[in-house]
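Chains H and D are the protein sequences, given in the same order.
Going by my numbering, the letters in the first sequence line up with residues 1 to 260, in that order.
Going by my numbering, the letters in the second sequence line up with residues 261 to 797, in that order.
Virtual Cβ for every residue (Gly too), placed ideally from N, Cα, C.
Computed from a prediction, not measured in an experiment: that's the story for all the values here.
Everything on this sheet refers to the single structure shown next.
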Amino acid sequence: MTIHNKTLRDAYPGGLAGAGGGPGRAAGRGTGRGRIARIAVRLPGPTLRAVPWAPILAASVVGTGLVGWPALSRDDLSAALLSNLLRLAAVCAAVGAAFLLDDPAARTVQTTPAPRLLRLSMRVAVALPVLAGGWAIAVLSARSAPNGRQLPWVALSLEAAALIAVALAVAAVQLRRDDRAAGPLTAIVVLTAAVVAAVLDEPIALFPPPGDAHWGPTHRWWALIAVSALSLYAWAAHDRNRRRRLRLPVRARVWRGRAG
Amino acid sequence: MSQVPQLPGGQHLRAMLALAWFDGSRLARRPVVVAALLVLCPLAYLANADPAWRFAVLYEADQWLQPLGLLLGGVVLIVSNLAVTRAHRDGATALLGVLNLPSSWRVGAHLVALLPLTAVAGLLVAGHIAVLAALDGSVGRPSVFELATGPAVVLLSGAAGVLLGRIVRGAFVAPLLTVVFVAYTIISLAMAPTSGPKPNWFVPVIGRAGGDPQFGLPPLPSDLMARPAGWHVLYLLGLTGLVATSALLLARCRRGTAVVAAAASLLVIGVAGAAQAGAPGRSDDATLIAVTQQPGVHQKCERIAPVTYCAFAGYEPWVKQWDIVARAVLRRTPAAVAKQPLAVRQRLDAYGYSRPADPTPGAVSAPLPLERWRAEDQAAGIPNAITASTRWGDGWSEASLAGRLAYELITRSGPGAQADECGARGVLVGWLAGQATPQTRAGLHRIAEFSGGRIYFAEANFPTGIGLSDRVTALVWQLLDQPVEQIAARVRASWAELTAPETTIERAAQLLGVPAPPATAPRLLPDGTPDTTGECA
Numbered sequence: 001m002t003i004h005n006k007t008l009r010d011a012y013p014g015g016l017a018g019a020g021g022g023p024g025r026a027a028g029r030g031t032g033r034g035r036i037a038r039i040a041v042r043l044p045g046p047t048l049r050a051v052p053w054a055p056i057l058a059a060s061v062v063g064t065g066l067v068g069w070p071a072l073s074r075d076d077l078s079a080a081l082l083s084n085l086l087r088l089a090a091v092c093a094a095v096g097a098a099f100l101l102d103d104p105a106a107r108t109v110q111t112t113p114a115p116r117l118l119r120l121s122m123r124v125a126v127a128l129p130v131l132a133g134g135w136a137i138a139v140l141s142a143r144s145a146p147n148g149r150q151l152p153w154v155a156l157s158l159e160a161a162a163l164i165a166v167a168l169a170v171a172a173v174q175l176r177r178d179d180r181a182a183g184p185l186t187a188i189v190v191l192t193a194a195v196v197a198a199v200l201d202e203p204i205a206l207f208p209p210p211g212d213a214h215w216g217p218t219h220r221w222w223a224l225i226a227v228s229a230l231s232l233y234a235w236a237a238h239d240r241n242r243r244r245r246l247r248l249p250v251r252a253r254v255w256r257g258r259a260g
Numbered sequence: 261m262s263q264v265p266q267l268p269g270g271q272h273l274r275a276m277l278a279l280a281w282f283d284g285s286r287l288a289r290r291p292v293v294v295a296a297l298l299v300l301c302p303l304a305y306l307a308n309a310d311p312a313w314r315f316a317v318l319y320e321a322d323q324w325l326q327p328l329g330l331l332l333g334g335v336v337l338i339v340s341n342l343a344v345t346r347a348h349r350d351g352a353t354a355l356l357g358v359l360n361l362p363s364s365w366r367v368g369a370h371l372v373a374l375l376p377l378t379a380v381a382g383l384l385v386a387g388h389i390a391v392l393a394a395l396d397g398s399v400g401r402p403s404v405f406e407l408a409t410g411p412a413v414v415l416l417s418g419a420a421g422v423l424l425g426r427i428v429r430g431a432f433v434a435p436l437l438t439v440v441f442v443a444y445t446i447i448s449l450a451m452a453p454t455s456g457p458k459p460n461w462f463v464p465v466i467g468r469a470g471g472d473p474q475f476g477l478p479p480l481p482s483d484l485m486a487r488p489a490g491w492h493v494l495y496l497l498g499l500t501g502l503v504a505t506s507a508l509l510l511a512r513c514r515r516g517t518a519v520v521a522a523a524a525s526l527l528v529i530g531v532a533g534a535a536q537a538g539a540p541g542r543s544d545d546a547t548l549i550a551v552t553q554q555p556g557v558h559q560k561c562e563r564i565a566p567v568t569y570c571a572f573a574g575y576e577p578w579v580k581q582w583d584i585v586a587r588a589v590l591r592r593t594p595a596a597v598a599k600q601p602l603a604v605r606q607r608l609d610a611y612g613y614s615r616p617a618d619p620t621p622g623a624v625s626a627p628l629p630l631e632r633w634r635a636e637d638q639a640a641g642i643p644n645a646i647t648a649s650t651r652w653g654d655g656w657s658e659a660s661l662a663g664r665l666a667y668e669l670i671t672r673s674g675p676g677a678q679a680d681e682c683g684a685r686g687v688l689v690g691w692l693a694g695q696a697t698p699q700t701r702a703g704l705h706r707i708a709e710f711s712g713g714r715i716y717f718a719e720a721n722f723p724t725g726i727g728l729s730d731r732v733t734a735l736v737w738q739l740l741d742q743p744v745e746q747i748a749a750r751v752r753a754s755w756a757e758l759t760a761p762e763t764t765i766e767r768a769a770q771l772l773g774v775p776a777p778p779a780t781a782p783r784l785l786p787d788g789t790p791d792t793t794g795e796c797a
């Protein structure tokens with residue numbers, strides 16, 4: 001079997017399982033951790049080419065711009081406004097992350113020996129530095145504003161990380177249902193969640209202004225949200241079909257025996 | 261495309277409308293739209309709801325739903341964009357090429373499909389204002405243009421989603437654009453104080469003229485409102501026209517017609533944009549100063565013996581409400597006191613609309629025009645008319661009116677009274693105000709909550725007011741917990757002594773039969789010095 005699809009070829013460096021040919025044998029063979037480690041080492045390069053960069057880059061540029069442009073062009077922005085702009089930048093990053101797991105070749109590469117959790121997490125690993133870089137520039141520009149020196153950037157970064165984790169979790173869950181494209185729906189869910197978070201008031205305000213009495217408890221909530229979202233992502237991103245293989249019907253087992 | 265047989269004349273329109281009907285109903289049924297209409301908008305509305313909605317000033321309440329137009333608009337932008345790019349995502353673009361409805365007509369169908377959602381937004385706005393207007397306490401008349409702004413923003417956002425779908429295929433652009441939209445609005449609303457010289461009318465939604473409905477400036481009389489709302493709606497519609505024709509042009513519609521339509525839209529944007537930016541946006545300074553100094557020119561007076569009430573045109577329904585509070589204060593006073601003539605006049609500090617928002621509330625640059633007020637009241641035959649504001653229903657206004665009325669009964673000092681009370685008079689004023697109605701009592705607690713635990717009867721948005729000391733406030737809470745009739749009988753019996761300026765709080769407590777609260781140590785300010793505001797020697 002010859003692989004014509006570029007994305008498919010890139011996403012799976014070792015060729016399709018049992019399809020034979022070249023490096024596929026080396027990477028696909030063996031069992032357990034050693035095999036996965038061998039795949040993981042070969043995955044970053046092709047994943048770099050397969051990730052949908054347009055939404056990631058657009059989200060970073062837009063997020064950086066909507067904090068940096070006002071923060072650098074005027075000096076009368078309040079700390080509360082600056083932190084809200086940073087939150088909007090975090091929402092942008094989460095919108096970009098919503099499209100990260102979309103893979104036109106998803107249906108085909110699920111037959112490759114690279115586990116789904118590894119494939120999806122590798123996408124996160126290669127895209128995260130870009131999102132983090134954009135976020136860092138946004139934070140630096142906000143902190144360079146006269147009222148932004150005291151901005152609690154660690155806590156705001158926690159909010160951003162939690163929003164990105166929510167986007168990834170929603171996308172992974174959505175891809176379990178329908179592996180075509182989770183991005184649009186995930187982006188909508190992320191925006192809706194952000195609006196709800198912004199609307200919530202006093203006792204459960206998720207976006208309090210810096211210096212608010214609820215700042216500490218609120219950020220414990222954010223940490224909880226981040227951890228829950230990551231767990232959900234890990235559950236939704238693992239390969240559902242992998243376990244089922246144990247209970248394959250006899251005919252399939254025979255086929256597998258011949259092929260592998 | 262040229263090989264595809266064209267539909268006969270008139271068939272295009274029918275096919276487009278059929279497509280628009282399908283797409284319109286699909287847009288309205290999308291879960292996010294339903295969630296926005298049923299959950300997000302009500303949540304956002306309730307979070308920012310004015311507690312005084314029962315006594316809405318309708319020519320301000322017509323702006324309350326405009327921010328929700330922005331929220332719904334963001335949602336519509338995303339879903340209309342998804343609808344236009346659906347064929348691309350599903351890999352069906354090539355298949356659509358063989359249809360004999362040209363792509364420009366299909367884009368037209370997507371644009372027409374926005375109308376049902378716009379209509380839903382319009383119905384929500386109309387229903388909201390109808391409910392407010394049906395309430396007894398609402399005053400004034402809403403402006404059709406202010407009401408139309410929200411739905412116009414929804415339509416513009418939807419059209420922007422369609423245009424965006426024709427330019428960029430990626431589904432990620434619309435959500436990002438929505439965030440940018442929100443950021444732009446946040447920055448422009450936060451940066452251009454709405455009570456400042458000139459708000460930026462080029463953003464889709466402009467905040468209320470007086471700022472925050474609860475803590476900003478009180479409403480102006482209706483004939484002094486000067487928001488260029490009509491031009492603004494026209495500007496939004498011009499923008500919508502330009503965006504729609506651009507989308508049609510990108511879909512290769514008939515060039516001539518579209519170019520003419522785009523030119524017409526540009527003309528509308530230019531004219532309406534210039535008009536809204538050039539409009540003063542508020543009445544000129546002379547008018548604002550005049551209404552502050554001589555409000556009577558705009559007012560009608562009504563006498564419900566023994567009190568005369570003067571209200572701005574349109575505010576007549578509130579006279580009944582003022583009278584309920586006044587009567588509740590008067591019935592606790594001796595008959596001789598209650599019979600004396602009293603007057604209440606609506607006043608507001610409209611200077612606030614002309615100068616940039618002051619960071620320290622209550623800091624008024626101009627001195628109170630007391631001379632002019634007195635002269636006007638004398639001429640109208642109602643000397644010493646005390647002040648009612650152009651707000652009602654927030655508890656605050658009720659309690660302030662009751663407190664100032666009680667103070668007037670005791671001191672006859674007229675409008676502009678400024679005092680710190682720490683003796684029997686203060687106790688009496690606080691109790692009379694608190695016992696009047698459940699609203700004044702709730703308002704008293706609200707006032708204390710916002711002024712550091714002390715009761716303070718403000719005079720509309722003027723910097724003058726009557727403050728009660730900590731001990732007096734404590735005694736007032738104590739008295740309000742006692743049976744009303746019992747305290748009222750003691751008040752009537754010792755009215756003369758309680759209203760004497762030299763009577764102390766201890767004596768007042770003794771006369772009213774409750775223990776005097778202990779002397780409290782002065783509170784400390786953050787820098788360590790004792791807080792002496794509102795304390796008497």
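For D:VAL372 and D:PRO698, the gap between their C-alpha atoms comes out near 52 Å.
In the DSSP assignment, D:ALA718 falls within the unbroken beta strand (DSSP E) covering 716-719.
As the crow flies, the alpha-carbon of D:ALA539 is around 20 Å from that of D:ASP322. Checking the DSSP bridge columns, you'll see D:CYS561 partnered with D:CYS570. Along the length of the segment 103-132 of chain H, whole alpha helix (DSSP H) runs at least 4 residues long occupy 106-109, reported in chain order.
For D:GLY421, the CB contacts under 6 Å within the same chain, skipping 5 residues up- and downstream, are LEU337, SER340, ASN341, ALA434 in chain order. In this structure the segment 114-127 of chain H lies against the segment 43-52 of chain H, because at least three pairs of beta carbons, one per stretch, are closer than 8 Å.
Taking H:ILE225 as the centre and dropping the five residues before and after it, the same chain places the C-beta of ALA162 closer than 6 Å to its C-beta, in chain order. Cβ-Cβ distances below 7 Å link D:THR353 to ALA347 in the same chain, with the five nearest sequence neighbours on each side left out; the list follows chain order. One thing to note: D:PRO594 has its Cβ no nearer than 8 Å to the Cβ of D:ARG701. Counted as a single uninterrupted DSSP element, the beta strand (DSSP E) harbouring D:PRO723 occupies residues 722-728. Proximity of D:ILE447 to chain H, defined by a Cβ-Cβ separation below 8 Å, is satisfied.
Interface flag for H:THR218 against chain D is unset, since no Cβ pair is found closer than 8 Å. Listed by position along chain D, the residues whose Cβ is nearer than 9 Å to that of H:ASN147 form an empty set, because the closest Cβ is around 12 Å away. The C-beta of H:ASP179 comes no closer than 8 Å to any C-beta of chain D. Annotation: the continuous alpha helix (DSSP H) that includes D:THR547 extends over 545-553.
Neighbours of D:ALA295 across chain H, judged by C-beta separation under 8 Å: THR192. A direct Cα-to-Cα measurement between D:ARG429 and H:LEU48 gives close to 22 Å. For a cut-off of 8 Å, the C-beta gap from H:ALA237 to H:LEU120 is around 4 Å, short enough to register as a contact.
Exclusion of the five residues before and after D:SER482 leaves TYR319, GLY400, GLY574 as the residues of its chain whose Cβ lies within less than 6 Å of its Cβ. Of all residues in the segment 287-312 of chain D, only VAL292, ALA295, LEU300, LEU303, ALA304, ALA307 come within less than 7 Å of chain H when Cβ atoms are compared, listed by chain position. In the structure shown, the three-state DSSP call for D:VAL391 is helix. D:GLU681 is bridged by DSSP to D:LEU728. A straight line joining the alpha-carbon of D:GLY533 with that of H:ARG180 spans about 44 Å.
Rounded to whole angstroms, the gap between the alpha carbons of D:LEU496 and D:ARG487 is 15 Å. In the structure shown, D:ILE466 adopts coil according to DSSP, grouped into three states.
With the criterion set as a beta carbon lying under 8 Å from some beta carbon of chain D, the members of the segment 87-116 of chain H are LEU88, VAL91, CYS92, VAL95, GLY96, ALA98, PHE99, in sequence order. In the structure shown, D:LEU423 adopts helical secondary structure according to DSSP, grouped into three states. Proximity of H:ILE39 to chain D, defined by a Cβ-Cβ separation below 8 Å, is not satisfied.
Using a Cβ distance threshold of 8 Å, D:GLY686 and D:LEU728 count as a contacting pair. In the structure shown, H:LEU140 falls within a helical segment according to DSSP collapsed to helix, strand and coil.
Contact annotation: in the segment 350-361 of chain D, no residue has its CB less than 8 Å from a CB in chain H. Contact residues of the segment 714-725 of chain D toward chain H are absent (C-beta to C-beta distance below 9 Å). Ranked by Cα distance from D:LYS580, the first of D:ARG591, D:VAL567, D:ARG592 is D:VAL567. Here H:LEU168 carries a helix assignment [DSSP, helix/strand/coil]. Between the segment 681-696 of chain D and the segment 757-767 of chain D, the count of C-beta pairs closer than 8 Å reaches three or more; the two stretches touch.
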